[in-house]
Amino acid sequence: MTGSGGAAVALRGATLRFGHHVIWENLDLDIAPGECLAILGPNGAGKTTLLKVLLGLLPLSAGTVTIDGQAPRRGSAQTGYVPQQRDFDRDLPIRGRDLVQFGVDGHRLGLPLTRARQVDAAIEAVGAEDYADAPVGLLSGGQQQRLRIAQALAGRPRLLLCDEPLLSLDPASQHSVTTLLNAYHREHGTTVVFVTHEITPVASFVDRVLYVAGGHWAAGTPDAVMTTQRLSALYGTHIDVIRVHGRIVVIGGDDPAGHHHLPGSDHIHHAGHDHGAQEH
Amino acid sequence: MSLAFLLAQPFAQHALLAAALVAVSCGLIGPFVVTRGMAFAVHGTAELAFTGAAAGLIVANNPVTGALAGSLVVAALIATLGARQRERDSAIGAILAFGMGIGILLLGHYQGFATAATNILFGNIFGVSGSQLLILVIIGLVVVAVMATWYRPLLFASIDPDAAEARGVPVRRLGLMFLVVLALTVTGAAQVVGTLLVLSLAITPAAAAQRLSASPLVVAALSVIFAVAAADGGLLASFEASNVKASVFITSISFAIYLAARLAGPLLRDRRQYSRENRHAQPHDRAYPRYEPGPTGTSAATATPQGDEPPEQPDRHVPSGLGWPGGPVGRLGTQGLPAGNTRPSRSEKTSLQRLRHPGLRPAETPGDIPRSGLLGFSARFP
Numbered sequence: 001m002t003g004s005g006g007a008a009v010a011l012r013g014a015t016l017r018f019g020h021h022v023i024w025e026n027l028d029l030d031i032a033p034g035e036c037l038a039i040l041g042p043n044g045a046g047k048t049t050l051l052k053v054l055l056g057l058l059p060l061s062a063g064t065v066t067i068d069g070q071a072p073r074r075g076s077a078q079t080g081y082v083p084q085q086r087d088f089d090r091d092l093p094i095r096g097r098d099l100v101q102f103g104v105d106g107h108r109l110g111l112p113l114t115r116a117r118q119v120d121a122a123i124e125a126v127g128a129e130d131y132a133d134a135p136v137g138l139l140s141g142g143q144q145q146r147l148r149i150a151q152a153l154a155g156r157p158r159l160l161l162c163d164e165p166l167l168s169l170d171p172a173s174q175h176s177v178t179t180l181l182n183a184y185h186r187e188h189g190t191t192v193v194f195v196t197h198e199i200t201p202v203a204s205f206v207d208r209v210l211y212v213a214g215g216h217w218a219a220g221t222p223d224a225v226m227t228t229q230r231l232s233a234l235y236g237t238h239i240d241v242i243r244v245h246g247r248i249v250v251i252g253g254d255d256p257a258g259h260h261h262l263p264g265s266d267h268i269h270h271a272g273h274d275h276g277a278q279e280h
Numbered sequence: 281m282s283l284a285f286l287l288a289q290p291f292a293q294h295a296l297l298a299a300a301l302v303a304v305s306c307g308l309i310g311p312f313v314v315t316r317g318m319a320f321a322v323h324g325t326a327e328l329a330f331t332g333a334a335a336g337l338i339v340a341n342n343p344v345t346g347a348l349a350g351s352l353v354v355a356a357l358i359a360t361l362g363a364r365q366r367e368r369d370s371a372i373g374a375i376l377a378f379g380m381g382i383g384i385l386l387l388g389h390y391q392g393f394a395t396a397a398t399n400i401l402f403g404n405i406f407g408v409s410g411s412q413l414l415i416l417v418i419i420g421l422v423v424v425a426v427m428a429t430w431y432r433p434l435l436f437a438s439i440d441p442d443a444a445e446a447r448g449v450p451v452r453r454l455g456l457m458f459l460v461v462l463a464l465t466v467t468g469a470a471q472v473v474g475t476l477l478v479l480s481l482a483i484t485p486a487a488a489a490q491r492l493s494a495s496p497l498v499v500a501a502l503s504v505i506f507a508v509a510a511a512d513g514g515l516l517a518s519f520e521a522s523n524v525k526a527s528v529f530i531t532s533i534s535f536a537i538y539l540a541a542r543l544a545g546p547l548l549r550d551r552r553q554y555s556r557e558n559r560h561a562q563p564h565d566r567a568y569p570r571y572e573p574g575p576t577g578t579s580a581a582t583a584t585p586q587g588d589e590p591p592e593q594p595d596r597h598v599p600s601g602l603g604w605p606g607g608p609v610g611r612l613g614t615q616g617l618p619a620g621n622t623r624p625s626r627s628e629k630t631s632l633q634r635l636r637h638p639g640l641r642p643a644e645t646p647g648d649i650p651r652s653g654l655l656g657f658s659a660r661f662p
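Chains as they are written, first to last, in the numbering used here: chain A, 1 to 280; chain B, 281 to 662.
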């Protein structure tokens, strides 16, 4: 709205440090309204923390961030959030419908006696009608994830932030969740930002990726960023990016198996001595 | 003394009222205690309420105020020592043991009536004086008012703290508030059933309610009803058999309800399943699209190349007792049960078609998304 040329999200010189540890610095990024951006990078690269900044849960150490021209506000109705997938307990006394309703009025006081109309709409939008009245703890990971997305959509957000929406889902559920996100994003022009480990399932529908590693970053289309040259520069060590049958496989120089379950701190050390931040 | 005669007495009426109010607060906090995994915190708070009550008895001959002070101190300690459940539980264990020791030391020095000590441990609402009863009533009203006001955000924060925090719910402050509410409730319950048996009002009714429903409001209502039935039912029974302590009846009724709920749960599940089947002519085709697994179910990469679905990889089957938690896979077995949404469900397709976006090609999307196969998950990061 102001200053940032109508960008849905604008980051200027955004820097985040914990003590002396730099998570990322001098991040300049405009996310256009209706754009779909995937945030990629090793563990510990500060992907989730970036979402926390956008949610207004963490202040920047330096630089500015605006959403629709305003500083992020915690609990803003404009922003929907799908937290990192984790299974609900089997015995949790809550149905899918209740989970979705939290997205409408979970922050309000009083007893949830009224049934919100948006809840049904959101459940329908994610195709969860058939199990909306089942206890969430008994649903599959994919079904739970749909309900979380419905919860985030129930508030009719203009910006949707998802943290690892595909984590621990089987390929079939991954596919159905990405299809769902893509469809909603296109239909409603919602700006979507999501953190992911895997580019492959989403490469066909994201507009741009933001790759964060070792305090540095690169942004651009998947084809432009996900290259051997670009990622090697980012990590400061040789990285192979291989495309096989539409899959994008990133292989580290030292450990071809990839260790995305390990903390990424070792990458941070040998990254970034000679490479500055890259602007697309 | 006949029951009718006793019921006409103001002391009996006051006791029943106070017990009912205590039970309502217990019934309200119970589901949250279970959901937040704080059963041990309840027990720990109650044990320390014992120490407080013993101190109150010696200092001012007022165990209720002492118990209140004791449980509030514990709430503060739990808040400072442990945020995560595991950390919290070990901290509570350490405090609990030490606190009980102090309590026994204090009781050893108490020169008054011996029954006062057993009343702390096993409860005696009739031994509570009028002014102390008033304290209990005020505590009960405060707990009910707080729970009714913050019910929704507290539930949200208990179920899904990350999403709740992003939505603007003060998760941490609500957690602290709940500890205080817990301390107040435990103080009240300790007068009715005794510090050792607080769990029979604070946990058992909620645990029974959870066997019967998955709706938070229904669970809350059942939990309150069960707690009141146990508390007042136990008191009434003790009127008839005055040589047995009321807490014996209260814990027995509470446990009987729990047993009945455990037995009734599966029966209700079956009935629910029937109603689901009857509602749909072809229940499973409609409710849960069923999919053929891949040729071997091992590798999607070796499956037929065009437009097929990735193999079925159900991460968890939904038991047939869909409406009820904790149910084993019912007698339908796994046949016809949902399998992790292998393919967009019918409703999803409808909503996708409804979107009618030119760029959206539902028929093509399965092929567009590359599958992971023999090479394992793609795009692993170095």
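Here a beta-carbon is modelled for each residue, glycine too, at the ideal position from N, C-alpha and C.
| Query | Result |
| --- | --- |
| PHE383/B in three-state terms, based on DSSP | A small correction: the amino acid at residue 383/B is Gly; Phe does not occupy that position in the sequence shown. Helix, per DSSP. |
| Chain A within 7 Å of GLN293/B, Cβ atoms only | no |
| LEU539/B versus SER503/B: straight-line alpha-carbon distance, rounded | 14 Å |
| Contact the stretch 528 to 545 of chain B vs the stretch 487 to 502 of chain B: 3+ CB pairs below 8 Å | yes |
| Local Cβ density within 10 Å of HIS245/A, reported as buried at 16 or more and exposed below that | exposed |
| Identity of the residues DSSP links to ARG364/B by a beta bridge | None; ARG364/B has no bridge partner. |
| Residue from ALA444/B, GLY545/B and SER532/B whose Cα sits closest to the Cα of TYR81/A | ALA444/B |
| 7 Å Cβ cut-off: residues of chain B touching GLN70/A | Within chain B, no residue comes near GLN70/A; the closest Cβ sits about 15 Å away, beyond 7 Å. |
| Endpoints, the alpha helix (DSSP H) within which ARG12/A is located | ARG12/A -> not in any alpha helix (DSSP H); beta strand (DSSP E) instead, spanning 9 to 18. |
| Contact list for PHE436/B against chain A, beta-carbon separation under 8 Å | PHE102, GLY106 and HIS107 |
| Coil, strand or helix - GLY155/A by DSSP | coil |
| Where ARG74/A meets chain B, residues with beta-carbon distance less than 9 Å | GLU445, ALA446, ARG447 and GLY448 |
| Contact under 7 Å by Cβ, ASN399/B with GLY410/B | no |
| Extent of the continuous alpha helix (DSSP H) to which ILE400/B belongs | 394 to 402 |
| Contained beta strand (DSSP E) runs [length at least 3] in the stretch 67 to 104 of chain A, N- to C-terminal order | 79 to 82 |
| Close beta carbons around THR221/A, own chain, < 8 Å, minus the five adjacent residues each side | ASP207, ARG208 and VAL209 |
| Which of helix, strand or coil DSSP assigns to VAL22/A | strand |
| Within 7 Å, strictly: CB atoms of VAL22/A and GLY236/A | no |
| Pairwise C-alpha distance: ILE375/B and LEU421/B | 29 Å |
| Any C-beta of chain A under 7 Å from that of ILE439/B | yes |
| Interface flag, ARG641/B vs chain A, CB-CB below 7 Å | Model confidence at ARG641/B stands at a pLDDT of 33, short of 50, so the residue's coordinates are unreliable and nothing is read from them. |
| Closer than 7 Å to chain B by CB, LEU55/A | yes |
| DSSP state of ILE530/B mapped onto helix, strand, coil | helix |
| Where GLY63/A sits in the DSSP three-state scheme | strand |
| Inside the stretch 154 to 196 of chain A only - beta strand (DSSP E) runs reaching at least 3 residues | 159 to 163 and 191 to 195 |
| Contact under 7 Å by Cβ, SER305/B with VAL423/B | yes |
| Range covered by the beta strand (DSSP E) that runs through ARG247/A | 247 to 252 |
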